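**Q** Everything in the sequence shown is counted per UniProt numbering, starting at 1 for the first residue and increasing by one.
Glycine included, every Cβ here is placed at the ideal spot set by N, Cα and C.
Note that the coordinates shown come from a computational prediction; the quantities given were computed from them, not determined experimentally.
I have a structure here, written as C-alpha cells, and I will follow up with some questions on it.
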Amino acid sequence: MKTLNCELHHQIHSESLTEPDRFWANAAQELDWDRNWDKVLDDSKAPIYSWFAGAELNTCYNAVDRHVENGRGEQVAIQYVSPVTESEYGITYNELLAQVSRLAGYMDSVGVKKGDRVIIYMPMVPETAYAMLACARIGAIHSVVFGGFAASELATRIDDAKPKLILSASCGIEPSGVVPYKPLLDDAIGQSKHQVDTCIILNRSQYTADLVTGRDVDWQSAVASAPNIACQTVAATDPLYVLYTSGTTGQPKGVVRDNGGHAVALSWSMKHIYDIAAGDVFWAASDVGWVVGHSYIVYGPLLVGATTVLFEGKPIGTPDPGIFWRIIEKYQVKSFFTAPTAIRAIKRDDPDGDFLKDVDLSCLKTLFLAGERCDPDTLHWSEERLNKPVIDHWWQTETGWPVAANLMGTAPVEVKAGSPALPVPGYQVEVVDEMGDVVEPGASGNVVIKLPLPPGTLTTLWNNEQRYLDSYLSMYPGYYLTGDAGYMDEDGYLYIMSRIDDIINVAGHRLSTGRFEEVLCQHEAVAEVAVIGVDDKLKGQLPLGLVVLKKGVTLSDEELYRELIALVREHIGPVASFRLVSAVQKLPKTRSGKILRGTMRKIADNQEYKMPATIEDPQTLELVRNALTRMGYADAHV
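Here it is as C-alpha cells:
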C-alpha cells in the first residue's frame, strides 16, 4: 500500500494539538449528551486533567438505546461465535436492550447504586457484555477480571475495588477443556478481607456450579423476574470502569477510565482509524478481560452502531488455522483486529496459507495488528497471503485507544514495516534521552507523550493518585512515560522496539531486544522469537534468543545455530555478541498474547520468580527452563 496522505494526517494531528477544545468538541457531536460541557479541557488541576467537565451523559444509552430509537433495533449488535461449544447466534440491538435493562434492573434491586463497584469474572459469552453495559446503565463502575485468573489474584482485586456485587459463570471453555470458574471465585472470596453480599452466577451446560445459599443467585432466574430500568445520567468525568494491569511491585494497578472522554475517543477512533460506521461488521479477536476487549469488542463498535463479533476460541486448534478466515467470510467482517502473536501461530501451523485458498475475503478491507510488537516478517506474510492492507498500531491498557496508527478511515499513509505509523491526533509523542531531551531522528530513547493526554486515556489509578503520579508523570515533568523504548524516523514514523526494561547493555552498547527479534524472524524456518538480556561477567549483558520453528522444518540444531548467528552478525554486527540461541516448542505468553520476557529473564539469571497469574500455559516455562539449562543458565525456582 503506497497511499501517501502524510500532509492530511499531519494537518489533522496539528489541529488536535493547537486547538484541542474545538477538535474534541467537534468529535463529541457524534454522541448524545444529557448536558453540555462547561469546559472541553479542564487543566485547573494539572498535571491531572479532565475532559468535558460539567457534561452529563450515559455510555449505555449511547451504545444501545439510541440505536434502537433511531431504527436500528433489528440489526445484529453482537454476533457470538463459539467453536469450543459449537454454538453461534446473533443478538439484535432490541434484544441487547432487553437483556441489559433487565440485568441492570436486578442489580439496582439488590442495592447497586451509582459509583458502586461491580467485579465481572466471566468467559467470552454475550452475558459478559451485558454485565458491562448494565453497570454503565446505572452508573456502577465495573472491573472485569480475566476469567480463570488465579484465586489469589482475584482476591487482591476484590480487596482493592471493594465490589458491591460480583457477576461470574460456572466455567470457561479452553481448547484443553472446561475450566471451572466458580471454585476459583469461592476461594477468592474466602481469601479476601472485603466481603461481597451478592454473586450472580451464569451456569453453563458444560459445568454446573453449586450456589452458596444467601449469597449466590442464578443469572437466568434473576434476569427473568427483574424490571427494566432506564439509563441513569452520570457526569462525563465519573468513572466508567477500573481495569487492573500488572504492577512492578506485584500490587496490580487499577486504571480508571471516565465516561465522557472514553465515549468520544472510541467513537472517533472507530471512524477515523478502523473505518467503521453504523451497520458495518467489526471483529476484535481478543478477550473482554483485556483493554482491547473493553474498547473494541464492547464499547467502540456499539457506540457507532456497528455489529461486533464476540469469539470464544483460539486462532489455531478450535478447530484449525482457518477459523479466523471462515468467520470473516461468513459474517462479512469489514475490519479485523487481532494480535501479531495470533498471526504467528497461524503462520506456524499453515505457513503456505492453505486454509485461505477456498475462502472469499472480498468483504475484508483491513487487518489491524496490536498487543505485541509486529515484526516485519509477520506483516509481510499477512500482506502476501491476504492481499489486504495490514496495519500495525500501538497503544496500551493505560491509553485505552491507539497512540500511533494509520488513519484508514480518513488519511491512510504508506505502511512502513516495523512501525505503527504516525502519532494519532491528540497525542504529542516524543522520543527523549535519560535527561528528557528530544533525540535526533533515528536515535533510540524513551517514548513519552506530552501532557495533556487526549480524551479516553486513564484519568488516575483507583484509590491511588500518588502512584499514578509516581508511575507515569514524575520521571519527565509535563510528560506521560509510556515505559516503551523506540525511535522516530525523519518522516515522523514511530518505531516501538521494546519495553524500557528490555534495552540491554552489551559492553557499553545499548541494544534493543526488538531489533534482534526483527532480524531472527527473517529466517525462513522461524515462526516466532523472544530475545532477552542475560547477565555476563565480562560484557555486562548478552542477548539470548529462543525461537519457535515452523511446522515441518528439517533443519538440524547445528545448521540453525550457525545460520541465525550469521544473520545477526550481518544485520546488527559483531558488537551484538550474539551466540546464545536455542529452539523451543512454545514461548510462555499471557492469555492476551504477550511474551513473558521478564519472567524468562529472571529464570535465566537465577532470580526468584512468581508464576505469572496471566500465563496461558505454565508448561511453557519448563520448556524455556530446559533450553536455558542446556545453554548454561537457569537454576532459579518458583
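Using 7 Å as the threshold, is the C-beta distance between Gly426 and Pro402 below it?
**A** As a first step, residue 426 must be located in the sequence shown, where it is residue number 426. As a first step, residue 402 must be located in the sequence shown, where it is residue number 402. It is not a contact, given that the beta carbons lie outside the stated cut-off.
**Q** Name the two residues that bound the continuous beta strand (DSSP E) containing Phe337.
**A** The residue given as residue 337 occupies position 337 in the sequence shown. Residues 335-338.
**Q** Select from Tyr609, Gly305, Glu622, Pro574 the residue whose C-alpha is nearest the C-alpha of Val584.
**A** As a position in the sequence shown, residue 584 is number 584, starting the count at 1. The shortest Cα separation from Val584 among Tyr609, Gly305, Glu622, Pro574 belongs to Glu622.
**Q** Do you know offhand how far Cys60's Cα is from Glu559's?
**A** As a first step, residue 60 is located in the sequence shown; it is residue number 60 there, counting from the start. As a first step, residue 559 is located in the sequence shown; it is residue number 559 there, counting from the start. In a straight line, the C-alpha of Cys60 is about 58 Å away from that of Glu559.
**Q** What's the call for Asn70, buried or exposed, on a 16-neighbour Cβ count within 10 Å?
**A** As a first step, residue 70 must be located in the sequence shown, where it is residue number 70. Classification for Asn70: exposed.
**Q** Distance check for Val144 and Lys162, CA to CA, integer angstroms please.
**A** Here residue 162 corresponds to residue number 162 of the sequence shown, with the count starting at 1. Here residue 144 corresponds to residue number 144 of the sequence shown, with the count starting at 1. Rounded to whole angstroms, Lys162 to Val144 spans 13 Å at the Cα level.
**Q** Identify every run of the beta strand (DSSP E) within the region 154-206, keeping only runs that are complete inside it and at least 3 residues long; order them along the chain.
**A** With a minimum length of 3 residues, the continuous beta strand (DSSP E) runs that stay inside the region 154-206 are 165-169, 171-174, 177-180, 198-202.
**Q** Quick one: using the 10 Å Cβ neighbour count with 16 as the cut-off for buried, is Tyr89 buried or exposed?
**A** Counted from its first residue, the sequence shown places residue 89 at position 89. Looking at its Cβ environment, which holds fewer than 16 other Cβ atoms inside 10 Å, Tyr89 is exposed.
**Q** Could you check which residue in Ile158, Pro126, Leu97 has the C-alpha nearest to that of Arg117?
**A** Position 117 of the sequence shown holds residue 117. Closest by alpha carbon: Ile158.
**Q** If I'm right that Trp268 touches Ala27 with Cβ under 8 Å, what's the distance once you round it to whole angstroms?
**A** As a position in the sequence shown, residue 268 is number 268, starting the count at 1. As a position in the sequence shown, residue 27 is number 27, starting the count at 1. Right, their Cβ atoms sit about 5 Å apart.
**Q** Please return the same chain residues whose Cβ sits closer than 6 Å to the Cβ of Lys2, not counting the five positions on each side in sequence.
**A** Reading the sequence shown from its first residue, position 2 is the one you call residue 2. Caution is warranted here: a pLDDT of 43 is assigned to Lys2, below 50, making its placement in the model unreliable, and the coordinate value is therefore given only provisionally. For Lys2, where only same-chain residues beyond five positions count, the Cβ hits under 6 Å are Glu414.
**Q** Leu57 and Asp34 - do their beta-carbons sit closer together than 7 Å?
**A** Position 34 of the sequence shown, counted from the start, is the residue given in the question as residue 34. Position 57 of the sequence shown, counted from the start, is the residue given in the question as residue 57. Result yes, Cβ atoms of Asp34 and Leu57 sit closer than 7 Å.
**Q** For Asp287, which residues of its own chain have a beta-carbon under 7 Å away from its beta-carbon, when the five flanking residues on both sides are left out?
**A** If you number the sequence shown from 1, residue 287 lands on position 287. Result list for Asp287: Met124, Phe146, Gly293, Arg591, Ser592, in chain order.
**Q** Going by the CB atoms, is the gap between Val447 and Gly486 shorter than 7 Å?
**A** Residue mapping note: residue 486 aligns to position 486 of the sequence shown, counting from 1. Residue mapping note: residue 447 aligns to position 447 of the sequence shown, counting from 1. Yes.
**Q** Where does Pro321 land, buried or exposed, given buried means 16+ other C-beta within 10 angstroms?
**A** Residue 321 sits at position 321 when you count from the first residue of the sequence shown. The residue is buried, with at least 16 neighbouring Cβ atoms inside 10 Å.
**Q** Going by CA-CA distance only, name the one from Val506, Thr620, Ile615, Met631 that's closest to Pro574.
**A** Sequence index remark: in the sequence shown, residue 574 carries index 574 (1-based). For the residues Val506, Thr620, Ile615, Met631, the minimum Cα distance to Pro574 belongs to Val506.
**Q** Below 8 Å on the Cβ atoms is my guess for Ile120 versus Ala131; work out the distance and round it to an integer in Å.
**A** The residue labelled residue 120 in the question sits at position 120 within the sequence shown. The residue labelled residue 131 in the question sits at position 131 within the sequence shown. The pair is a contact, with the Cβ atoms about 5 Å apart (cut-off 8 Å).
**Q** With three or more C-beta pairs closer than 8 Å as the rule, is the region 195-203 touching the region 216-225?
**A** Verdict: yes, contact present.
**Q** Would you mind stating whether Gly300 and Leu356 have Cβ atoms separated by less than 7 Å?
**A** Locating residue 300 in the sequence shown gives position 300, where the first residue counts as 1. Locating residue 356 in the sequence shown gives position 356, where the first residue counts as 1. For Gly300 and Leu356, no; Cβs fall outside 7 Å.
**Q** Is Thr318 near Val81, with beta carbons less than 7 Å apart?
**A** Here residue 318 refers to the residue found at position 318 of the sequence shown. Here residue 81 refers to the residue found at position 81 of the sequence shown. No, they are not a contact pair.
**Q** Rounded C-beta distance between Thr307 and Val281? I'm assuming under 8 Å.
**A** As a position in the sequence shown, residue 307 is number 307, starting the count at 1. As a position in the sequence shown, residue 281 is number 281, starting the count at 1. Confirmed, about 5 Å.
**Q** Would Ala634 pass as a contact of Glu153 if the rule is Cβ separation under 7 Å?
**A** Taking the first residue of the sequence shown as 1, we reach residue 634 at position 634. Taking the first residue of the sequence shown as 1, we reach residue 153 at position 153. Against a cut-off of 7 Å, the Cβ pair of Glu153 and Ala634 comes out as no contact.
**Q** Taking the alpha-carbon positions, what's the Gly313 to Ala339 distance?
**A** The count along the sequence shown starts at 1 and reaches residue 313 at position 313. The count along the sequence shown starts at 1 and reaches residue 339 at position 339. Rounded to whole angstroms, Gly313 to Ala339 spans 14 Å at the Cα level.
**Q** Could you check if Ser225 is buried or exposed, using at least 16 other CB atoms within 10 Å of its CB as the buried criterion?
**A** Translated into positions along the sequence shown, residue 225 becomes position 225. Exposed: under 16 other Cβ atoms inside 10 Å.
**Q** From the DSSP output, read off the bridge partner residues of Tyr480.
**A** In the sequence shown, the residue the question calls residue 480 occupies position 480. DSSP output for Tyr480 lists Ile449 as bridge partner(s).
**Q** Within 10 angstroms of the Cβ of Lys589, are there 16 or more other Cβ atoms? Answer buried if so, exposed if not.
**A** Taking the first residue of the sequence shown as 1, we reach residue 589 at position 589. Buried, because 16 or more other Cβ atoms sit within 10 Å of the Cβ of Lys589.
**Q** Would you report the Cα separation of Ser192 and Ile12, rounded to the nearest angstrom?
**A** Here residue 192 is taken as the residue at index 192 of the sequence shown, counted from 1. Here residue 12 is taken as the residue at index 12 of the sequence shown, counted from 1. Their Cα atoms are separated by approximately 49 Å.
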